[in-house]
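Below you'll find the structure, written out as structure tokens, and then a few comments.
2 protein chains.
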Amino acid sequence: MSRTNLSEKACTVARAAEVFGDVWMMMILREMFLGGRRFDALQRQTGAPTASLSTRLKRLESVGVLRRDAYSEHPPRYEYRLTAMGRDLWPIVVSMKAWGDKWMGSGETPVEIIHKTCGHSVTPQMVCPDCHEPMQAHDAEPRLSTAFEQEREAARGKS
Amino acid sequence: MSRTNLSEKACTVARAAEVFGDVWMMMILREMFLGGRRFDALQRQTGAPTASLSTRLKRLESVGVLRRDAYSEHPPRYEYRLTAMGRDLWPIVVSMKAWGDKWMGSGETPVEIIHKTCGHSVTPQMVCPDCHEPMQAHDAEPRLSTAFEQEREAARGKS
DNA sequence: ACTACTGACTTCAATTAGTGAAGTGACCCA
DNA sequence: TGGGTCACTTCACTAATTGAAGTCAGTAGT
């Protein structure tokens, strides 16, 4: 699907990007978190061409992000459901929504997130799991593993 | 750049996806959060072809995610820096890293995130800003605005 | 019995985007 | 004079995407 091969890289962002670093992937995920299950619903709500949607769903299934279940044998009809792996993508979609609301939005948000346990409409926040303080880019410092450091060193040297 | 026009959609995930719903965009962002500033460093560390990198950087600049500063007049040399808008993308990249580490990783993470204020190596977590409980997909319920609901209703009806 | 419709797709030809390799321009260093 | 760096652009080629149309297995209506 993508011509580049990022999956052999050490960077796990690269590996994740290979899976859903694609507009349709993100639209599909958004739609599934909104409850979309069937091919034609996903198609209409994402606006993806049939062929594009089809290749993406196959890919997501082969990765393990979603499962394709028959809900009728005759005629054969299927629906797609997120697996645990797929549900774990929720923070990514929510982060994108938060960013989109803040920087690309036009005042009112199209979707509110209601926290079931407390009932409030919320914008989930990233916090440090140790000290529970909100975290942003400038609060963090990356520390590279030696293996990853070496991969980068090699890149620096070549070409 | 993308053939589809998602930016006029109400959904802010769609708008965000239009900006960086692309493998190279994500790789560039990862690299910039790791401290990459110059064209050739970004190229080597992301593995992007020059032309691809060039179009992506132009696009990110035009959106306002990064700024292109001259660090030398003669010869003309530039570096790229994230704006506030760009730094706000951090939660997305971190969420992707967390997902990649968990589901695509091979034991050891290539990059640790050190929380400067507490000094710990952490995996940032999404919490409800009201009750401070960790939040996942099943803790949340989406509520659509009437405008967005109408857009979807229209999609349901056509073709 | 015939026609239309639904759902989940495939196939196809035309268009568009992405690719590696090579080239450009403005310098610096020896 | 020759080579090297940096930040790109241009080009010919290949690969992916697109919209439209078609397929298959049924159900519903008249």
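Residue numbers (our numbering), protein chains in the order written: chain A, 9 to 167; chain B, 9 to 167. Glycine included, C-beta positions come from ideal geometry on N, C-alpha and C.
When beta bridges are read from the DSSP output, residue 135 of chain B appears opposite A:133 and B:142. Here the alpha carbons of residue 140 of chain B and residue 90 of chain B stand approximately 29 Å from one another. In the assembly as shown, residue 126 of chain A is an exposed residue. Its beta-carbon has fewer than 16 other beta-carbons within 10 Å. Going by C-alpha positions, residue 119 of chain B is about 15 Å away from residue 147 of chain A. DSSP places residue 37 of chain A inside the alpha helix (DSSP H), whose first and last residues are 31–41. Neighbours of residue 100 of chain B across chain A, judged by C-beta separation under 7 Å: 100, 103, 104 and 107.
For the C-beta of residue 121 of chain B, the chain A residues within less than 7 Å are, from N- to C-terminus, 148 and 150.
Out of A:80, A:12, A:51 and A:71, the CA that lies nearest to the CA of residue 57 of chain B is found in A:12. About 6 Å separates the Cβ atoms of residue 150 of chain A and residue 121 of chain B, confirming a contact at the 8 Å cut-off.
For residue 153 of chain A, the residues of chain B that pass the 9 Å Cβ criterion are 116, 117, 118, 119 and 120, in the order they occur in the chain. If you compare the alpha carbons of B:52, B:144 and B:108 with that of residue 41 of chain A, the shortest gap goes to B:144. Residue burial annotation: residue 161 of chain A is exposed, with fewer than 16 other C-beta atoms found within 10 angstroms of its C-beta. Residue 63 of chain A does not reach chain B, its nearest Cβ partner there being about 15 Å away, counting only Cβ pairs nearer than 8 Å. With contacts defined as CB atoms closer than 8 Å, residue 54 of chain B and residue 35 of chain B qualify as a contacting pair. By the Cβ test, the segment 57–73 of chain A is not in contact with the segment 98–115 of chain A, since fewer than three Cβ pairs between them sit closer than 8 Å.
A:39 is the residue among A:16, A:27, A:26 and A:39 whose C-alpha sits nearest the C-alpha of residue 157 of chain B. DSSP, reduced to helix, strand and coil, places residue 99 of chain A within a helical segment of the structure shown. Residue 135 of chain B and residue 106 of chain B have their alpha carbons spaced roughly 15 Å apart. Within chain A, the residues placing a beta-carbon under 7 Å from that of residue 113 of chain B are 20, ordered along the chain.
Below the 8 Å Cβ cutoff, chain B contributes no neighbours of residue 83 of chain A, its closest Cβ being approximately 21 Å away.
Inter-residue distance for residue 74 of chain A and residue 14 of chain B is about 24 Å (C-alpha atoms, whole angstroms). Residue-level contact check: residue 41 of chain A touches chain B, since one or more beta carbons of chain B fall below 8 Å from its beta carbon.
B:47 is the residue among B:130, B:132, B:117 and B:47 whose C-alpha sits nearest the C-alpha of residue 85 of chain B. Taking 8 Å as the threshold, the shortest C-beta distance from residue 52 of chain B to chain A falls below it. In the three-state scheme derived from DSSP, where H, G and I count as helix and E and B as strand, residue 119 of chain A is classed as strand.
Closest in C-alpha terms to residue 21 of chain A, from the list B:138, B:99, B:65 and B:137, comes B:99.
Put simply, of B:27, B:95 and B:153 the residue whose alpha carbon is nearest the alpha carbon of residue 63 of chain B is B:27.
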